[in-house]
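**Q** Residue numbers (my numbering): 1 to 519. Don't be surprised by glycine CBs; every beta carbon is placed ideally from N, CA and C.
(1) Taking only three categories from DSSP, how would you classify residue 341?
(2) Using three-state DSSP, classify residue 134 as helix, strand or coil.
(3) Does the pairing of the segment 174–188 with the segment 334–343 give three or more beta-carbon distances under 8 Å?
(4) Residue 395 to residue 261, Cα distance in whole Å?
(5) For residue 379, tell me which candidate among 218, 438, 350, 251 has the shortest Cα-Cα distance.
(6) At the level of alpha carbons, what is the spacing between residue 217 and residue 251?
(7) Might you give, ordered along the chain, the residues of its own chain that have their beta carbon closer than 8 Å to the beta carbon of residue 312, omitting 5 neighbours on each side?
(8) Flag this pair as touching only if the segment 402–410 and the segment 380–390 have three or more C-beta atom pairs under 8 Å; answer yes or no.
(9) Quick one: Cα of residue 318 to Cα of residue 182, how far?
(10) Determine the burial state of residue 139: buried for a count of at least 16 other Cβ atoms within 10 Å of its Cβ, exposed for fewer.
(11) Can you check DSSP and say which residues form a bridge with residue 440?
(12) Could you tell me the boundaries of the alpha helix (DSSP H) in which residue 145 lies?
(13) Could you check where the alpha helix (DSSP H) with residue 316 kicks off and where it finishes?
(14) Pairing CB atoms from the segment 148–162 with CB atoms from the segment 429–443, are three or more of them under 8 Å?
(15) Starting from residue 253, trace the alpha helix (DSSP H) both ways and give me its first and last residue.
(16) Just checking my contact of residue 266 with residue 422 at CB under 8 Å: how many whole Å lie between their CB atoms?
(17) According to DSSP, is residue 332 part of a helix, a strand, or is it coil?
(18) Starting from the C-beta of residue 420, find all residues in its chain whose C-beta is less than 7 Å away, skip the five residues before and the five after it, and write them out in chain order.
(19) Is it buried or exposed for residue 427, if we count other Cβ within 10 angstroms and need 16 for buried?
(20) Starting from residue 384 and walking both ways along the alpha helix (DSSP H), at which residues does that stretch end?
(21) Just to confirm the assignment, what range does the beta strand (DSSP E) spanning residue 215 have?
(22) Which of helix, strand or coil does DSSP assign to residue 283?
(23) Given this structure, state the Cα-to-Cα distance separating residue 507 from residue 203, to the nearest angstrom.
(24) Using beta-carbon positions only, say whether residue 234 and residue 241 come within less than 8 Å of one another.
(25) Taking C-alpha atoms, which residue in 346, 144, 158, 163 lies nearest to residue 300?
(26) Excluding five sequence neighbours on each side, which residues of the same chain lie with their C-beta closer than 7 Å to the C-beta of residue 331?
(27) Does DSSP classify residue 520 as helix, strand or coil?
(28) Opposite residue 325 in the DSSP bridges: which residues?
(29) Would residue 404 count as contacting chain C if we go by Cβ distances under 8 Å?
(30) Cα-Cα, which of 359, 354, 495 is closest to residue 329?
(31) If you draw a straight line from the alpha carbon of residue 370 to that of residue 353, how long is it in whole angstroms?
(32) Between which two residues does the beta strand (DSSP E) harbouring residue 158 extend?
(33) For residue 115, name the three-state secondary structure that DSSP assigns.
(34) Quick check: residue 429 and residue 120, are their CB atoms within less than 8 Å of each other?
(35) Considering only residues of the segment 187–232, which uninterrupted beta strand (DSSP E) runs meet the minimum length of 3 residues and lie entirely inside it, listed in chain order?
(36) With distances taken between CB atoms, is the gap from residue 320 to residue 193 smaller than 8 Å?
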């Protein structure tokens, strides 16, 4: 028995040693394999799946090319509730696009807003593909604290409302033509409408000098929503249009605020009322009364959208909402998914701020001289004649949506809709420190400029005031009197009257459509 035990013992020991050796080698091999995979990028890291390479500007869209599987955790991250920035690849707030990307898209605006509104507006549109901004500033926008920041942003051109600018615009051919004459020499909104048109005329010259392909006029309370494109790209949307299309109309959606304490509309408002152009007519008219909620019209303000124009010879503005051409009838299409998101009276303070910009008397007769739309007239009278408590009550009744049952019904009908993408983009930009970075960078440049100025080098900053040179350029491109008279002889089609802000169709137009009776 002892002999048998002695014989088996070496064999058992050898097997045990071999098994331990194999297990050790297997563990080491698996660890090494996992390390190699992670080092080479074989194992995707969920924290970096949004990162776009810095040397790949063509993919500067929204959230990269991939479409990862969504979960409730992902939604929280994107909406700005995570511990990490939503857009970690926005390391360079200057957003250096490749100059060869086409088409180049520009936006022009006339504004008196502050940085809290303009910066999100600019950088949101940079994200969706806008390369150039022509800002005609006055009021708060023209103050040094604001304008110095705006001038420091690549692709932004700031034009101040100086005497030189007004002198240049006084020589515009527009004053000798008829298409805008109905708005001349009237106060408030009419005066703004003329000013916007004159600024748009100058912006066309700037766009041509910058080699821009498309130009859009937009207010700083409006965001373009390029729905229907796989990349949420305005550039892609315009690139896909047929070459013979001269202008593209973006129907506008109107914000529907749900509280009376909104502070940052772009980051807080997600509910919008859809344009009648994007609704079945039976849905629009069948729910008109409930959607209007006792207001003068379906929308509080305008409903005829904004348009983008292909930059070409003889282009001219046709009021703040459209473009036209002196030499031909342009081909215009209306986009069936993309829209302009108009944040209309989103803050309670908008009632008094609009009131303070206009010197009209708060009477029904006088406000007709100042405002083109009924709701603006009513809001001005309320803001000018009642106490703040009464004004807040009126605002809650006419602007704020508090009836949850009605909201659910109109969302189901398709009249109200939730749009989160702009909110997500702007919240991500804010969390990534883009706005703080551009302000800090501008302040550093100001300190540097002041330091250089003290040594006599006043031109070292590289940010000349545009109006130091621009009016003289305009003087060279203005048409001579003989040419102006020649254009006045053109047909009514090429001298089409300017299109003002227009309300959507009311119930008086219901006879134009056959509405099926509800069961």
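**A** Here's the rundown:
(1) Residue state for residue 341 is assigned as strand, using DSSP reduced to three classes.
(2) Of the three classes helix, strand and coil, the one that applies to residue 134 here is strand, per DSSP.
(3) Too few Cβ pairs lie closer than 8 Å, so no.
(4) Distance from the CA of residue 395 to the CA of residue 261, rounded to the nearest whole angstrom, comes to 11 Å.
(5) With respect to the C-alpha of residue 379, the residue from 218, 438, 350, 251 having the closest C-alpha is 350.
(6) C-alpha separation (whole angstroms): 13 Å.
(7) Non-local beta-carbon contacts of residue 312 in its own chain, meaning distances under 8 Å to residues more than five positions away in sequence, involve 246, 325 in chain order.
(8) Too few Cβ pairs lie closer than 8 Å, so no.
(9) When only Cα atoms are considered, residue 318 and residue 182 end up about 12 Å apart.
(10) By the 10 Å Cβ count, residue 139 comes out exposed.
(11) Beta bridge pairing from DSSP links residue 440 with no other residue.
(12) Counting along the chain, the alpha helix (DSSP H) containing residue 145 begins and ends at 144–151.
(13) Annotation for residue 316: no alpha helix (DSSP H) segment contains it, though the beta strand (DSSP E) segment containing it runs 315–317.
(14) With the cut-off at 8 Å, the segment 148–162 and the segment 429–443 touch.
(15) Residue 253 -> not in any alpha helix (DSSP H); beta strand (DSSP E) instead, spanning 252–255.
(16) Yes, residue 266 and residue 422 are in contact; Cβ-Cβ is about 6 Å, under 8 Å.
(17) Of the three classes helix, strand and coil, the one that applies to residue 332 here is strand, per DSSP.
(18) Answer for residue 420: 270, listed in chain order.
(19) That one is buried.
(20) Residue 384 -> alpha helix (DSSP H) spans 374–385.
(21) For residue 215, the uninterrupted beta strand (DSSP E) segment begins and ends at 214–217.
(22) Residue 283: helix per DSSP, three-state reduction.
(23) Each residue's Cα considered, the two are about 38 Å apart.
(24) Taking 8 Å as the Cβ cut-off, residue 234 and residue 241 do not qualify as a contacting pair.
(25) Answer by Cα proximity: 346.
(26) Only 244, 245, 246 meet the Cβ criterion.
(27) Nothing about residue 520 can be read from this structure; the chain reaches only from 1 to 519.
(28) Beta-bridge pairing links residue 325 to 315.
(29) Absent from the structure is chain C; it holds one protein chain and no more.
(30) Checking every option, the nearest Cα to that of residue 329 belongs to 495.
(31) Looking at the two C-alpha atoms, the distance is approximately 15 Å.
(32) Unbroken beta strand (DSSP E) run through residue 158: 156–160.
(33) Assignment of residue 115 by DSSP, reduced to helix, strand and coil, places it in the helix class.
(34) The answer is yes: Cβ separation under 8 Å.
(35) Taking only runs of at least 3 residues, the beta strand (DSSP E) segments lying wholly in the segment 187–232 are 214–217, 222–225.
(36) In contact: residue 320 and residue 193 (Cβ atoms closer than 8 Å).
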